[in-house]
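Q:
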Amino acid sequence: MLTEECHMNPYLESFGIEVIDTDLGERIIQLAGQPPSHIVVPAIHLKKEEVGDLFHEKIGTEAGASDPTYLTRAARVHLREQFLSADAAMTGVNMAIADKGAVVVCTNEGNADMGANLPKLQLHSMGIDKVVPNIDAAGLLLRMLARNATGQLSTTYSSFYRGPKEDGEMHIIIVDNGRTKMMQDKILAESLKCIRCGGCLNTCPVYRRSGGHSYNYTIPGPIGIAVGAQRDDTNSLAWACTLCCSCSFVCPTKVPLAKIIAHHRRIKAENHQLPYGKEKYMPLVGKLMGNETLFNCSMSIARTSLKYLPNSLLKPFAGAWGKYRELPVAPNSSFETWYKKHRS
Amino acid sequence: MSSKQAILQALSTTALSDNAMPVINIPARLDDLLSQFETSLNTVTATLHRDGGLTGLQAEIDKLSSEGKQIISLVDGVTGNREVPADPHELHDIDYAIIKGHVGVAENGCIWVNNESVGHRVTPFICENLLIVLAAEDVCANMHIAVQKVEIASGQFGTFISGPSKTADIEQSLVVGAHGACSLNVYLV
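Protein chains in written order, with this note's numbering: chain A, 1 to 344; chain B, 1001 to 1189.
1) At a Cβ cut of 7 Å, what residues of the segment 113-133 of chain A count as close to chain B, listed as they run along the chain?
2) Given this structure, state the Cα-to-Cα distance separating A:I39 from B:V1118, to the nearest angstrom.
3) Which runs of the alpha helix (DSSP H), 4 residues or longer, sit entirely within the segment 253-297 of chain A?
4) What is the residue span of the alpha helix (DSSP H) that A:G52 lies within?
5) Determine the burial state of A:I349: buried for a count of at least 16 other Cβ atoms within 10 Å of its Cβ, exposed for fewer.
6) So B:V1075 contacts chain A; which residues on that side make the cut at Cβ distance below 7 Å?
7) How long is the line joining the alpha carbons of A:L294 and A:Y281, rounded to whole angstroms?
8) With which residues is B:K1100 paired in a DSSP beta bridge?
9) Is it the case that the Cβ atoms of B:L1033 and B:A1106 are separated by a distance below 8 Å?
10) My assumption, with CB atoms under 8 Å, is that B:L1091 sits in contact with B:V1078. Please give the rounded CB distance.
11) What are the residues that DSSP puts in a beta bridge with A:Y215?
12) Quick one: give me the first and last residue of the beta strand (DSSP E) that A:V104 is part of.
13) So with Cβ pairs under 8 Å, would you call A:N177 a contact of chain B?
14) Listed from N- to C-terminal order along the chain, which residues in the segment 28-41 of chain A have their beta-carbon within a distance smaller than 8 Å of any beta-carbon of chain B?
15) Output needed in chain order: residues of the segment 1171-1187 of chain B with a Cβ under 8 Å from some Cβ in chain A.
16) Rounded to the nearest angstrom, what separates A:F55 and A:Q82 at their Cα positions?
17) Based on Cα-Cα distance, which residue from A:S214, A:L121, A:V250 and A:L243 lies nearest to A:T234?
18) Residues in the segment 253-281 of chain A with C-beta within 8 Å of chain B's C-beta atoms, listed in sequence order?
19) Using a Cβ-Cβ distance under 8 Å, would A:P220 count as near chain B?
20) By Cβ distance, which residues of its chain are closer than 6 Å to B:F1125, with the 5 residues on each side in sequence left out?
21) So that I know if they touch, is there some Cβ in chain A lying closer than 8 Å to that of B:G1155?
22) Evaluate A:C297 with the Cβ neighbour count: other Cβ atoms within 10 Å of its Cβ, from every protein chain shown; 16 or more gives buried, anything less gives exposed.
23) Return helix, strand or coil for A:E169, following the three-state DSSP convention.
24) Compute the beta-carbon to beta-carbon distance between B:S1162 and A:L153, rounded to the nearest angstrom, for a pair I have assumed lies under 8 Å.
25) Report yes if the CB atom of B:I1098 is closer than 8 Å to the CB atom of B:L1064, and no otherwise.
26) Roughly how many angstroms separate the alpha carbons of B:T1123 and B:D1087, rounded to a whole number?
27) Please decide whether A:A86 counts as near chain C, where near means a Cβ-Cβ distance under 8 Å.
28) Please return the same chain residues whose Cβ sits closer than 6 Å to the Cβ of A:P119, not counting the five positions on each side in sequence.
29) Any beta-carbon of chain B closer than 8 Å to the one on A:K58?
30) Around the C-beta of B:W1112, are 16 or more other C-beta atoms found within 10 angstroms, so that it is buried, or is it exposed?
31) So which residues on chain B does A:V51 lean against when the C-beta distance must stay under 7 Å?
32) Thinking C-beta only, is A:N117 closer than 8 Å to B:R1082?
33) Between the Cα of A:S248 and the Cα atoms of A:E109, A:A229, A:I223 and A:S158, which residue gives the shortest distance?
34) Would you mind telling me which residues of chain A sit closer than 9 Å to B:E1107, beta carbon to beta carbon, in chain order?
35) A:G198 to B:L1054, Cα distance in whole Å?
36) Could you check whether B:A1046 and B:V1133 sit closer than 8 Å to each other, using their CB atoms as the reference points?
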């Protein structure tokens, strides 16, 4: 994820270096020329038939084959050649243990370890937020990571590197890229507790409906909004959320995602970065809804209009909402009137 | 100012207060660790061989060897039919690798192996099938205990292995056998 955040692959390629992603999902989207749509399952948006067609074209699998086992094994054979001929390997880091100077890399496929342990040069890149104080902390987080990512007991391989292989070289690249700036804000800083399990994506009603690419940021879902909204030039990302708080409840490291997302909205408003509509009409809507008389009057007008005015006249007011929906049937009276009649 | 200095300076003025490392005190489930371990291994599609020990393992190896399989053993008392090569790339055609595990974790089937027990670091990943020999008394209850037992000296490498490699990157269907070993058998001694 970090190399995607920093656009590392295009940079390396500009120097004539061939970069091959080795996680199966990452390799699929690399061959397809697409960005990831999920942080744990990058190619979750593709059907097996689409992967089959892609592999047929790029790595010569049988035409029309779509069996996941067959396709995975074909990728295993294809990527083995790459592992055996690579000059360097670069992995991400799940945890960096401060008092040992070790990095922990977790995979289910074994691609990080196949990569790092064959060529002489091994590189590990990480954000500063991956540092944990000691091995006890790493043990605790290892218990949480896979359980919340895929429901597994543990990732298949949780590898601790505290130095290179014999005659090898090991480099750890530590990246800030805006993280220390987030730490200046108490609420935003909480998002750096994330261990990237993807639990918040899996539970998010907006993510589940719209998919990862709609966020237009490397990391989608609630955590993507939390760490990406500040870089969002459209100033709309923070509103791709219903504030249902499901993510805050499932997060194993207790990142208060909904609170952070609401905070991003506040920051955008305070910096006058709201889109035109929100900046201009929302204060008016607020005033209207805050005033009982005004609110009751306008509701009364709406009920009467819905009852007597033709659809063709009213529909345009519904905007995009009304594109695939009928206007509601107006009730005879307000809820308040109904309540007073029946309860008092 | 170097980028490292810039990061360290920025870190000195954050809005966060220092927190002491919390005490991790999570009660461990201690009943019948070996059965727990076996259940966990089954869950991660690995197999535990409780009986037979090294003799049983050697008999299995001899059978595989007679079938023409390429076998490398890094465990004393078990012999394969290949030597540890100078270049790790030459391990690419190994069918079976036998290595020693140091710590087993009952709650999740993890087994700790380190570079002293694997020859080349890539051995447990590059082989088609992995066999781990583990002493029954080295099985502990959970990860909190396990990380206290493992030792990673400066310059070392170690890994927790929980079953064979797997992936669910195509339509979330589980496929065992991704880039690492395609099967894992654990022999208790």
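Glycine included, C-beta positions come from ideal geometry on N, C-alpha and C. Every value quoted in this text rests on a predicted model; they were computed, and no experiment measured them.
A: According to the data block:
1) D113, M114, N117, L118, I128 and P133
2) 32 Å
3) 257-270 and 276-290
4) K48 to I59
5) Residue 349 of chain A lies beyond the stretch modelled for chain A, which goes from 1 to 344, so this question has no answer here.
6) Within chain A, no residue comes near B:V1075; the closest Cβ sits about 20 Å away, beyond 7 Å.
7) 16 Å
8) B:V1133
9) yes
10) 17 Å between Cβ atoms; not a contact.
11) Paired residues: none, contrary to the question.
12) A102 to T107
13) no
14) I28 and V41
15) E1171, Q1172, S1173, V1175, G1177, A1178, H1179, G1180 and A1181
16) 16 Å
17) A:S214
18) none
19) no
20) G1180
21) yes
22) exposed
23) strand
24) 7 Å
25) no
26) 11 Å
27) Of the protein chains in the structure, A and B, none is chain C.
28) A86, D87, A88 and A89
29) no
30) buried
31) I1170
32) no
33) A:I223
34) R143, L153 and S154
35) 42 Å
36) no
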